[in-house]
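Chain order of the listed sequences is A, D, E, S, Z and V.
Each residue of the first sequence is one higher than the one before, starting from 1 at the first, in my numbering.
Each residue of the second sequence is one higher than the one before, starting from 1 at the first, in my numbering.
Each residue of the third sequence is one higher than the one before, starting from 1 at the first, in my numbering.
Each residue of the fourth sequence is one higher than the one before, starting from 1 at the first, in my numbering.
Each residue of the fifth sequence is one higher than the one before, starting from 1 at the first, in my numbering.
Each residue of the sixth sequence is one higher than the one before, starting from 1 at the first, in my numbering.
For glycine and all other residues, C-beta sits at the position ideal for the given N, C-alpha and C.
Some notes on the structure that comes next.
Number of protein chains: 6
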Amino acid sequence: MMTILNNSLASRSIKAALCAGVIALLAPSSIRAQLFTFSKQDLMDYTAQEPFDRLPDGRPKVPNDLVERARELASEEVWAVLQQKGFNNQYADGFKILRPGKNMVGRAFTVQFMPLRPDVEDIAESKAKGKGVLRLTNQTAIDMLQPGDVLVVDLFGKKVNGTIVGDNLFYYVMKATGSGGLVVDGSIRDLDGISEIDMPAYFRAVDPTPIGNVMLTGINIPIRIGGVTVMPGDLVVGDREGVYFIPPQLVKEVLDQADEIHIHDEWTKKKFAEGKYKSSEIYSTPSDPKLQQEYREYLKRRLEEIRKKRSPK
Amino acid sequence: MMTILNNSLASRSIKAALCAGVIALLAPSSIRAQLFTFSKQDLMDYTAQEPFDRLPDGRPKVPNDLVERARELASEEVWAVLQQKGFNNQYADGFKILRPGKNMVGRAFTVQFMPLRPDVEDIAESKAKGKGVLRLTNQTAIDMLQPGDVLVVDLFGKKVNGTIVGDNLFYYVMKATGSGGLVVDGSIRDLDGISEIDMPAYFRAVDPTPIGNVMLTGINIPIRIGGVTVMPGDLVVGDREGVYFIPPQLVKEVLDQADEIHIHDEWTKKKFAEGKYKSSEIYSTPSDPKLQQEYREYLKRRLEEIRKKRSPK
Amino acid sequence: MMTILNNSLASRSIKAALCAGVIALLAPSSIRAQLFTFSKQDLMDYTAQEPFDRLPDGRPKVPNDLVERARELASEEVWAVLQQKGFNNQYADGFKILRPGKNMVGRAFTVQFMPLRPDVEDIAESKAKGKGVLRLTNQTAIDMLQPGDVLVVDLFGKKVNGTIVGDNLFYYVMKATGSGGLVVDGSIRDLDGISEIDMPAYFRAVDPTPIGNVMLTGINIPIRIGGVTVMPGDLVVGDREGVYFIPPQLVKEVLDQADEIHIHDEWTKKKFAEGKYKSSEIYSTPSDPKLQQEYREYLKRRLEEIRKKRSPK
Amino acid sequence: MMTILNNSLASRSIKAALCAGVIALLAPSSIRAQLFTFSKQDLMDYTAQEPFDRLPDGRPKVPNDLVERARELASEEVWAVLQQKGFNNQYADGFKILRPGKNMVGRAFTVQFMPLRPDVEDIAESKAKGKGVLRLTNQTAIDMLQPGDVLVVDLFGKKVNGTIVGDNLFYYVMKATGSGGLVVDGSIRDLDGISEIDMPAYFRAVDPTPIGNVMLTGINIPIRIGGVTVMPGDLVVGDREGVYFIPPQLVKEVLDQADEIHIHDEWTKKKFAEGKYKSSEIYSTPSDPKLQQEYREYLKRRLEEIRKKRSPK
Amino acid sequence: MMTILNNSLASRSIKAALCAGVIALLAPSSIRAQLFTFSKQDLMDYTAQEPFDRLPDGRPKVPNDLVERARELASEEVWAVLQQKGFNNQYADGFKILRPGKNMVGRAFTVQFMPLRPDVEDIAESKAKGKGVLRLTNQTAIDMLQPGDVLVVDLFGKKVNGTIVGDNLFYYVMKATGSGGLVVDGSIRDLDGISEIDMPAYFRAVDPTPIGNVMLTGINIPIRIGGVTVMPGDLVVGDREGVYFIPPQLVKEVLDQADEIHIHDEWTKKKFAEGKYKSSEIYSTPSDPKLQQEYREYLKRRLEEIRKKRSPK
Amino acid sequence: MMTILNNSLASRSIKAALCAGVIALLAPSSIRAQLFTFSKQDLMDYTAQEPFDRLPDGRPKVPNDLVERARELASEEVWAVLQQKGFNNQYADGFKILRPGKNMVGRAFTVQFMPLRPDVEDIAESKAKGKGVLRLTNQTAIDMLQPGDVLVVDLFGKKVNGTIVGDNLFYYVMKATGSGGLVVDGSIRDLDGISEIDMPAYFRAVDPTPIGNVMLTGINIPIRIGGVTVMPGDLVVGDREGVYFIPPQLVKEVLDQADEIHIHDEWTKKKFAEGKYKSSEIYSTPSDPKLQQEYREYLKRRLEEIRKKRSPK
């Protein structure tokens, strides 16, 4: 069902070759295997706690309205809930960030690569042929993306030949996901071109070489990005600091607490601006019971306003 | 005299808890000790060479007009005078810089943290109680800040749990110092929120965790930032490169030399623009005695103009 | 023929001294030797493959119109041709980049420094005197720059005292090269001042100290920048990722392929925007022979248009 | 069939607890999941090129006599054959090496860990219960080891809480494998105790904390160590430089070439010791055809001797 | 009371000068201030929990027999007790270790240096003169060492000019402490000479320059080594992995647990050697209640034997 | 005059090929150019201050008896004299050291490599052919080594393909120099084999790949190793810390001062052992004039003894 264009991997250099009319010369790309099995049923089993619908590929589908609300989230707000729930390994940082002022939000679509071994690759290929199916490539993965997805790729930190996309594929990802975003524990190329495309991206490095010397070993399987085990369908939230991968079952709680935190900040700044209090008299908990009471009422009123504003007319 | 709000340290996560109404649940914060004694008299003794007034807390008070003039200083100009005087350890770099285009100038207000030891902490606390005083916290330190201060914090390069402020406390620092600034050999959190607040900041890293696993061991004592011994009241000057800590007694000389350097740059660029000279004929010392004379006259005239402009009417 | 102004090296600190009227006090600078011989004839021999004219100093002169066309090049496009030709060591990265959005293009003017040895320096100086010539300094090098040059300096990654220019010399380089650019495997100073001058620059670090403890050992000799052997006259192309040094004989081919790549990108994006195809059906090679044909015609037409537009009227 | 002793993971600290009689207090360990499926059939399929027998668990069994011959191999000899065959990703280095003078040889037994996610872990556990089987732990993995194995563990470079063994488990691994060896992209603990046990080990770091905050996600599945995809049953060869993972089908060729290289070294050193030749006249290829002939005869004779010596009487 | 020999700091280079008869030429050393006050009473207050005697300088004196028992401790055994007690910041690693096979044990004698500031130094000096006392130097600190001490020095990781001792001073430290040991967050010099002296040492780097450009700011005050707050009198335990600083009040418990751990290891290895059990059946807790009972009896008997052996006859 | 054996560069891998009888298949090696001219006269001019004889190739020849005396030198003793003379850049460290307990001493034989450029290489080759001479290779350099030399190689820190020798070439270097030694700012291969050969070596890394992708650009020219400009004929002294490159004209003075330093150490340790003095009373300068006098007499007597012992009978 899926067309293979392994060639696509080597983008620019291939384009160069292509332009010169040497299509036939293209060596078969080195990125073809899906080594690990993680079936749609496996995926559904291992994400059974999620309370929402699912995407056709089996991933949890955090609803669109929650995805939109998540656009205002900051890392700190996510941290607060996750550590209370015992999820201490959901944050990755140390990335270069393409658009520091533009937060990234979306559902994780995961891809895994491993270092190339010709023997494993050959067998994967003949296994595929034996079943009459075509092998998966990074471009097929890109063709599978859905609106609202963030492409999350484990390229084990590889810089040279670890470039998941150049500006062309980045453009396709942007179109397919509706500017969802990209997280790659690896590199990108064509940074000049990519800088003109409006989609957030988190990457380790930039290099002019095309992807190579690797094999695609899994699509929508559990992967590791830094110290995080990322599950397909996790809500990905990226800000100026780093990226959080929120299990779907915790999304609602994170967002509701964030509402209260926003209101708390509003109120304490407002009080401080009145000039009557020292910071420590208001923040984080007002010492005066009367002020505490005032805050609680403010909180209640503002929460109601927010909910009203959000409810469909 | 001072109110304790240890809770303030864990800002966001605390706020989350707070919002949920669990005020009583808050564990007493782990940041409370002032281990080192450095009395107001010590401070005055060790900064005895400073020629200006003092702040109520004993710190040297570089006058406001000199602070303002220092806003135009570049690291290189500070370096020139300091190395002549034998001060080779007054510069720190390697920071992430919040506002590269906006220089930071102010008087150093120093704070020191050390790794938490429960036994030391317990004793510090009971010592405080024994004297009927309250223990110092990072928020009390913030409440002590004066207009024109820069908050300088030794958190020994700690990233996780080494976040001196989030956006709320950063906002209070901004208000209290009049956008003075922050230097922390440690980290900050809420970078998104902080980016919207107009104050310069120099820090090592960003992390979503609140401050923790440390104890406050001194306020306005000598501290170390990188390779610099910072004294309370030092004039802090930060630009796109790094941060200089200028002993008060050298401030006037640095500023006067900077005036001459600015005039020298003005003149050499003007001469070069005339198109009659090679760079090496003008810069840094003109080879032609006639040009030297011309420069000396230009320098004299411009210095007079500048001084006139600065003198109060 | 050349005037020595060794003093110029210590820029700001010297300026400070100068302003204070202590010209006579200036110690003779420590940067004076040209240790390596690489004659104009050597230079012409080792770049004999270049097909263009030469600059008066013997360097290949890539024509101005090609330099202009190169302004649109991205690293990836250069990579494609160079690796086909077996040039695998022409790319350097890991720089701090002054103006990420403004590409750098120009002809390499190379300068080499080595760590100071007083004995070698003394002999180089007396050798020079014996021949009745003056010694070369970094400022003489700057006076030798031509419009269209990029100054490329090997300072072996030195940070402290490895500052090739401050804002004054950077200004002269900008004027002399017509905003050509600077690449230094070393550092710069006066970043605040330099940020206001409109010229691209690639450097390893920023430091307030003036250049020192080094000796100038060669001008327009082959030098090493990262993993690249740079020849005088190489076409230097810098973008947001890093810097390519293109041997003159390969410039034309790189540019022509880049034209085809630009057209290819144009066409695939246009087709994708039609909404009729999956990315893998168009990119990089269309799978449908009819589409391939369509592309080939589009390519031919667009190439003709471009060439027409470029041809002098 | 397998007994769970999750407790075993926290070795020393647990032992401490145990000794104090607090067995009941032990929290269930956090290391229990096998997330990825890679069946015995998968394993046999993906290693189908191997020419030898198999171990009961399906791994290729490089014969004992070849394992013994491999004890003399150096990294360089492996490199020569592997790169000829297009296997460029079989070498990992950057390890701390327990016994630099004692080479490591054996068959890869692979184990994979990922960062802990409580939701994934819970489901893995209930899945296991549902099937009436027990969950795998690192100690069960250790109990599965065979004589001649090298335990190869992906702990994603984790230092704190990434300690695969302390001295007790290291002792068991030594006993079970017959001093086969350990490679861990992670850390170990009890280095003092381990130093007294006679088995080679390659690790990234040493730390006193027990393993934790991770989940076991696979046993004898393909794993990644540095830039290598390691397959179960690969011949692991470690020397003073690093570790090679040799696909079984290439073992024989590597060993036969190594024989010739050893003889070549023998002969060139012998010739050089005669004092009649410059190194370049003998090494690597003698320039004199007569010497070439002499060498070829020497090679033939020595190979025969070696083979004779090896053949069973 | 104390003699100043600032000159001693520059050891070798000074010695060179000395030998040449240029004693008078010696510039006054730059290491003289004690900036921080931490009185004997402060020290006793902040270590009030320790249950033992004190040294004349006020430091807790862990008894000699416990110091001797601690010689068998491994980092892991210390970790187990300390984390139970909530002391998570007592371990430092990343050192170069002079004698990996020889554990270090002793009482912490702490020294702190900070980057030199001529103004602070001058005032410290005149303060000292005003009181008729001499200033402290690193050599005076060395003269204050007691048998059983480990010299622990904060030189803030300084390499060049951060060399606390050369072979002569290292020899004196060895003599004064009875081969106690040295931990320096800084460097040493004369590694060749030091390698011949039988005392453990932990340091960051080696450099030929003498100590300089720093000032001694405290002796036997709380200092920071890596992530540890070290108190004077802490029991310092160094093995092949790193260094633990054990608060005196926890020493007894650590040692008693270590006894049980040693016995536990003895027993499990003995059982495993019987060949009747899988590792997981014995370690860490035997699954069979009968084996548990057997172990408990073994433990009891062995503990008695050990205690008997230790008790004075 | 010189024979080319480019093949030699790829040592082991070539050997592997060779053994398989594929001599003809060998691609011409990529290491052939001598780009920089530094004639014998240049060499003699730039080392004119050296007071000794010269080797036939023009390098200064520090006499054998001084080379022998230098075997006892430690880095610190060299540092003392060199910094007095204003030579601050003669020390390099950060190497892996093959034989930490065995000091290295010898005369520098320098070799420089740069990253390969096919165009420069081609021209160098045809230039060589035009003059009827053969191109230099790393093995020719090795054949030029003299007894007492240390091979010093600039491979710009290259690890992969930056391996100057494997065990065979290391063996030849050992034979040719009489175990002189090797310093390479690059890597080596065959560490197992090299470990069995008795010669000191200082290198950055170890890798199994043969040297490649570089060109030899100079033999016995000034080169850079770390922060040092090394001149051919410098006395190279390596100990456990790093490597000093001593200009020949300073060797005698360094050695004479070292004699005095050794005597000084002898005396102070002897006095300290008497138990009558505190370290600060003896070291570095005795405070008591009587002790000073005693030391001066001891020094005089011991110097005479040493000189007597050294003088030829």
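Determine the contact status of VAL314(D) and VAL120(D), defining contact as a CB-CB distance below 8 angstroms.
Look at the range of chain D in this structure, 1 to 313, and you will see that residue 314(D) is not part of it.
Option nearest PRO56(E) by Cα separation, candidates ASP122(E), GLN249(E), PRO232(E), HIS264(E)
In the third sequence, counting from the first residue as 1, residue 56(E) sits at position 56. Looking only at ASP122(E), GLN249(E), PRO232(E), HIS264(E), the smallest Cα-Cα distance to PRO56(E) is reached by PRO232(E).
Span of the beta strand (DSSP E), counted from its first residue to its last, around TYR244(Z):
Here residue 244(Z) refers to the residue found at position 244 when the fifth sequence is read from its first residue. Unbroken beta strand (DSSP E) run through TYR244(Z): 242-246.
Extent of the continuous beta strand (DSSP E) run through THR110(A):
Walking along the first sequence from the start, residue 110(A) turns up at place 110. Its beta strand (DSSP E) spans residues 104-115.
Under 7 angstroms from the C-beta of ASN168(E): neighbouring residues of chain D:
To locate residue 168(E), count along the third sequence from 1; it is residue 168. Those within 7 angstroms of ASN168(E) in chain D are ASP265, THR268, TYR283.
Run the CB neighbour count on GLU297(A), radius 10 Å, all protein chains shown included, and call it buried at 16 or more, exposed below.
Looking up residue 297(A) in the first sequence gives position 297. Exposed.
Between the Cα of GLU72(Z) and those of ASP288(Z), ILE263(Z), GLN83(Z), TYR295(Z), spot the shortest distance and give me the residue it belongs to.
Within the fifth sequence, the letter at position 72 stands for residue 72(Z). Nearest C-alpha to GLU72(Z): ILE263(Z).
Flag this pair as yes or no: are the beta carbons of LEU303(D) and ASP265(D) separated by less than 8 angstroms?
If you number the second sequence from 1, residue 303(D) lands on position 303. If you number the second sequence from 1, residue 265(D) lands on position 265. The Cβ atoms of LEU303(D) and ASP265(D) lie no closer than 8 angstroms to each other.
Beta-carbon within less than 7 angstroms of PRO63(A)'s beta-carbon, same chain only, minus the 5 sequence neighbours each way: which residues are those?
Start at 1 with the first residue of the first sequence, and residue 63(A) comes out as number 63. Excluding sequence positions up to five before and after PRO63(A), its CB lies within less than 7 angstroms of the CB of PHE52, all in the same chain and listed in chain order.
Cut-off 6 angstroms between Cβ atoms - residues of its own chain near GLN292(V), not counting five sequence neighbours on either side
For the purposes of this step, residue 292(V) is taken as residue 292 along the sixth sequence, with counting starting at 1. Excluding sequence neighbours, GLN292(V) sits near PRO286.
Can you give, in chain order, each stretch of the alpha helix (DSSP H) that sits fully within the segment 133-165 of chain A and has at least 4 residues?
List check, alpha helix (DSSP H) in window: 138-143.
Who are the neighbours of VAL160(S) on chain A, taking C-beta pairs under 9 angstroms?
Translated into the one-based positions of the fourth sequence, residue 160(S) becomes position 160. Those within 9 angstroms of VAL160(S) in chain A number zero; the least Cβ separation is about 11 angstroms.
Which of helix, strand or coil DSSP assigns to ALA176(S)
Within the fourth sequence, residue 176(S) is the residue found at index 176, counting from 1. It is helical.
In terms of residue numbering, what span does the beta strand (DSSP E) encompassing SER187(E) cover?
The residue you call residue 187(E) lines up with position 187 of the third sequence. Residue range 182-188 is occupied by the beta strand (DSSP E) that includes SER187(E).
Can you pull the chain Z residues whose beta carbon is under 9 angstroms from the beta carbon of GLN249(D), in chain order?
Sequence index remark: in the second sequence, residue 249(D) carries index 249 (1-based). Chain-order list of chain Z residues neighbouring GLN249(D): ASP119, by C-beta distance under 9 angstroms.
Using a Cβ-Cβ cut-off of 6 angstroms (strictly less than) and excluding sequence neighbours within five positions of GLY226(A), which residues of its own chain qualify?
Residue 226(A) sits at position 226 when you count from the first residue of the first sequence. So the list reads ALA92, once near-sequence residues are dropped.
From the DSSP output, read off the bridge partner residues of ASP53(E).
Walking along the third sequence from the start, residue 53(E) turns up at place 53. LYS61(E).
In angstroms with no decimal places, state the Cα-to-Cα distance between SER311(E) and ARG59(A).
Mapped onto the third sequence, residue 311(E) falls at position 311. Mapped onto the first sequence, residue 59(A) falls at position 59. Distance between the alpha carbons of SER311(E) and ARG59(A): 56 angstroms.
Would a check of beta-carbon distances place TYR244(V) closer than 8 angstroms to chain E?
Indexing the sixth sequence from 1 puts residue 244(V) at position 244. It does not: the Cβ of TYR244(V) has no partner Cβ on chain E nearer than 8 angstroms.
Determine whether the Cβ of PHE95(D) lies closer than 8 angstroms to any Cβ atom of chain E.
Taking the first residue of the second sequence as 1, we reach residue 95(D) at position 95. At a cut-off of 8 angstroms, the C-beta of PHE95(D) has no neighbouring C-beta in chain E.
By DSSP, does PHE272(E) sit in helix, in strand, or in coil?
As a first step, residue 272(E) is located in the third sequence; it is residue number 272 there, counting from the start. Looking at PHE272(E) - three-state DSSP - the assignment turns out to be helix.
Should GLY275(D) be flagged as near chain A, meaning a C-beta pair shorter than 8 angstroms?
To locate residue 275(D), count along the second sequence from 1; it is residue 275. For GLY275(D), the answer is no, since every Cβ of chain A falls outside 8 angstroms of its Cβ.
Alpha carbon of THR102(S) to alpha carbon of PRO200(S), nearest angstrom:
Translated into positions along the fourth sequence, residue 102(S) becomes position 102. Translated into positions along the fourth sequence, residue 200(S) becomes position 200. The amino acid at residue 102(S) is misidentified as Thr; the sequence shows Lys. Between the alpha carbons of LYS102(S) and PRO200(S) lies a gap of roughly 7 angstroms.
For ILE194(A) and ASP288(E), the rounded distance between their alpha carbons
What you label residue 288(E) is simply residue 288 of the third sequence in a count that begins at 1. What you label residue 194(A) is simply residue 194 of the first sequence in a count that begins at 1. Rounded to whole angstroms, ASP288(E) to ILE194(A) spans 28 angstroms at the Cα level.
ILE211(Z) and TYR171(Z): beta carbons closer than 8 angstroms?
In the fifth sequence, the residue the question calls residue 211(Z) occupies position 211. In the fifth sequence, the residue the question calls residue 171(Z) occupies position 171. With contacts defined by Cβ atoms closer than 8 angstroms, ILE211(Z) and TYR171(Z) do not form a contacting pair.
Spell out a yes or no on whether the segment 143-162 of chain V and the segment 176-184 of chain V are touching, meaning 3 or more CB-CB pairs, one atom from each, closer than 8 angstroms.
In short, these stretches touch, since the Cβ pair count reaches three.
Check each candidate in TYR295(D), GLY162(D), ILE123(D) and name the one with the smallest Cα separation from ALA48(Z).
Within the fifth sequence, the letter at position 48 stands for residue 48(Z). When C-alpha distances from ALA48(Z) are compared across TYR295(D), GLY162(D), ILE123(D), the shortest belongs to ILE123(D).
What's the gap between the Cα of GLN90(S) and the Cα of LYS96(A)?
Residue mapping note: residue 90(S) aligns to position 90 of the fourth sequence, counting from 1. Residue mapping note: residue 96(A) aligns to position 96 of the first sequence, counting from 1. Each residue's alpha carbon lies about 29 angstroms from the other.
Under 9 angstroms between beta-carbons, which chain D residues line up against VAL67(Z)? List them in chain order, please.
The residue labelled residue 67(Z) in the question sits at position 67 within the fifth sequence. The contacting residues do not exist; VAL67(Z) stays about 20 angstroms from chain D at best.
If you measure from the beta carbon of GLN49(A) to each beta carbon in chain S, is any gap under 8 angstroms?
As a working mapping, residue 49(A) is identified with position 49 in the first sequence. Answer yes: the Cβ-Cβ gap between GLN49(A) and chain S drops below 8 angstroms somewhere.
For LYS96(S), which of helix, strand or coil comes out of DSSP?
In the fourth sequence, counting from the first residue as 1, residue 96(S) sits at position 96. Here DSSP, grouped into helix, strand and coil, assigns LYS96(S) to strand.
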